[in-house]
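What the sequence shown shows, in mature numbering (1 follows the signal peptide of the UniProt record, and there is no 0), is residues -18 to -1, 1 to 373, in sequence order.
Heads up, the beta-carbon is just placed ideally off N, CA and C, and yes, glycines get one too.
I have placed the structure first, in the form of structure tokens, so that the comments after it can refer back to it.
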Amino acid sequence: MRFSSLAAASAILPLALAQEQCSSVEPPTYPEANPYNTAFLPFVNPPFPDLTSTPSFGISVKTEWSKNKYIRRAGMDTGSTGVVIGGGLLGLSDSTQFDRSTPGNEYLSSSGRLWTGYWIRADVTFYTAERDEKGRRKQVVTHVPILAVNESSICFAFAKQGYCSDSDKSSVSEWPTDIHYIGVGFGRGSVQQPQALPDKVPFVNVGKISGEDVEDIHQGYILSQAGIRVGLTSDEVAPFHKTKLDVRPDSKSNDWQMVNMAIRIDDSPFNYGKALLDTGINQSYVAVNQDIQSEVKTEASRLIKNSPRVLAPGSLVEVFIPDEKNPIANYTVTVTGNPTAAGIEPPGFVMEAPPSPSSTTGPFINTGRMVYNGWDAMLDSDCGWFGLKKH
């Protein structure tokens, strides 16, 4: 399959038009809905959030070097960026001819999982619940590079070193066939992940809806308990309370940082930093400054693998987005150690080391996915607004 210049232009044009109407003071005027600027993509494994599984989609992946491959269940992760597919699943191998000009990797810090491979151009197709007159599900086609994985391993050393020697790795698999992951997060770029850019996120690079090129689309998405809506329209975004995102330093105009937040534990002073509302994990990770870290009570987790230190029962966690003075949302969790599927308490608040002076986030919370029991989330990729809507 060839990727025409017309397709590339159709993906770039909406962003250029949107940036002309973007403001740092107030959200833009979003377009009215039409059949070719928005679509709803249901999860294949509701309900979401779930303590034990990641929200997932059925997708098809087609590249210039591989046949169309349907994947029945690919997990969606707001904590990473980029569609990652096992190269073996696409029929690729050491002897296969394909574009190897852009090597890359994806690293999942919570599990130590390292995927290395090559970014290759692809069409990634998602499916709506609607069907045409022949009973076929309507399609949403996105144009993104995907990471075709030639090696999968576990390497916790990568988080500190930015690379892994063979002796650092375990559970190594060559040209795997069992990897299918959809990273849709923003603000995930780092020294270790320089390629985690918005051009890799399928939900903000929508090219076709129901077989037609997108028309008057405002690239962005809404994450709800039932699925994802791609393409932002005036009626869908109206109920959301929104806050402006900052551009990542030394990056492109639509490469947004994670959302700002204020956090305190028990009666501590507020710490200010970044928040990640992560669909990929159920537990939460918290990094606060040393003066607060030294005062909190922790215990070994009974619920999380390897029993990390987590906040003890009775601890009070308060989070405000973007801050406590003008929040668009806030929540409070009193730790019980017994989370429920319907609540926002995670299986544990894992206490990370205090942020270093060179940290790009400062204090930080990865909320884990249970927070979505309280809110739907919205990302305006074109203009850089983040929104939350309380259930």
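- Item | Opening and closing residue of the alpha helix (DSSP H) in which TRP66 lies | Here the question's residue 66 lines up with position 84 in the sequence shown. It is Val, not Trp, that sits at residue 66 in the sequence shown. Premise fails: VAL66 lies in the beta strand (DSSP E), 63 to 68, not in any alpha helix (DSSP H).
- Pull up the distance between the alpha-carbon of ILE102 and that of LEU72, whole angstroms please. Position 120 of the sequence shown, counting from 1, holds the residue named residue 102. Position 90 of the sequence shown, counting from 1, holds the residue named residue 72. Computed Cα separation, rounded: 12 Å.
#### Entry: Coil, strand or helix - GLN143 by DSSP
Here residue 143 corresponds to residue number 161 of the sequence shown, with the count starting at 1. Looking at GLN143 - three-state DSSP - the assignment turns out to be helix.
Q. Any idea which residues DSSP pairs ILE191 with across the strands?
A. Reading the sequence shown from its first residue, position 209 is the one you call residue 191. Paired residue(s): VAL122 and GLU194.
Worksheet entry | Limits of the unbroken beta strand (DSSP E) element including GLU300 | Residue 300 sits at position 318 when you count from the first residue of the sequence shown. GLU300 -> beta strand (DSSP E) spans 298 to 303.
- Task: Please confirm if the stretch 137 to 156 is in contact with the stretch 103 to 122, defined as three or more CB-CB distances below 8 Å between the two stretches.
- Result: no
Item checked: Residue burial classification, GLY366 (beta-carbon count within 10 angstroms, cutoff 16) -> As a working note, residue 366 is residue 384 in the sequence shown. GLY366 is buried by the Cβ-count criterion.
Identify the continuous beta strand (DSSP E) that holds GLU281 and give its terminal residues. The sequence position of residue 281 within the sequence shown is 299, counting from 1. Its beta strand (DSSP E) spans residues 280 to 282.
What are the boundary residues of the alpha helix (DSSP H) that ILE199 is part of?
-> As a first step, residue 199 is located in the sequence shown; it is residue number 217 there, counting from the start. Here ILE199 belongs to no alpha helix (DSSP H), and DSSP marks it neither H nor E.
Residue from VAL7, GLN175 and GLY86 with nearest C-alpha to SER62: To locate residue 62, count along the sequence shown from 1; it is residue 80. Looking at the Cα atoms, GLN175 is the closest of the given residues.
PRO85 by DSSP, collapsed to three states: which one? Position 103 of the sequence shown, counting from 1, holds the residue named residue 85. The answer is strand: DSSP assigns PRO85 an E or B state.
With C-beta atoms as the reference, is TYR100 less than 9 Å away from ALA130? Translated into positions along the sequence shown, residue 100 becomes position 118. Translated into positions along the sequence shown, residue 130 becomes position 148. Going by C-beta atoms, TYR100 is nearer than 9 Å to ALA130.
Count the CB pairs spanning the stretch 208 to 216 and the stretch 181 to 196 that are closer than 8 Å, and state whether there are at least three.
yes
Is GLU8 helix, strand or coil by DSSP? To locate residue 8, count along the sequence shown from 1; it is residue 26. It is coil, neither helix nor strand.
Nearest neighbour of LYS372, chosen from SER276, THR322, ALA323 and VAL219 [CA to CA]:
Translated into positions along the sequence shown, residue 372 becomes position 390. Comparing Cα positions, the closest option is VAL219.
Between the Cα of VAL353 and the Cα atoms of THR60, PHE39 and ALA15, which residue gives the shortest distance?
Taking the first residue of the sequence shown as position 1, residue 353 is located at position 371. Here the closest residue by C-alpha is THR60.
* To do: Output the distance between the C-alpha atoms of ALA21 and ALA111, rounded to the nearest integer angstrom.
  => As a first step, residue 21 must be located in the sequence shown, where it is residue number 39. As a first step, residue 111 must be located in the sequence shown, where it is residue number 129. CA-CA distance, ALA21 to ALA111, rounds to 10 Å.
So if DSSP puts LEU72 in a beta bridge, which residue, or which two residues, is it bridged to?
Counting from one through the sequence shown, the residue named residue 72 turns up at place 90. According to DSSP, which records beta bridges pairwise, LEU72 is partnered with nothing at all.
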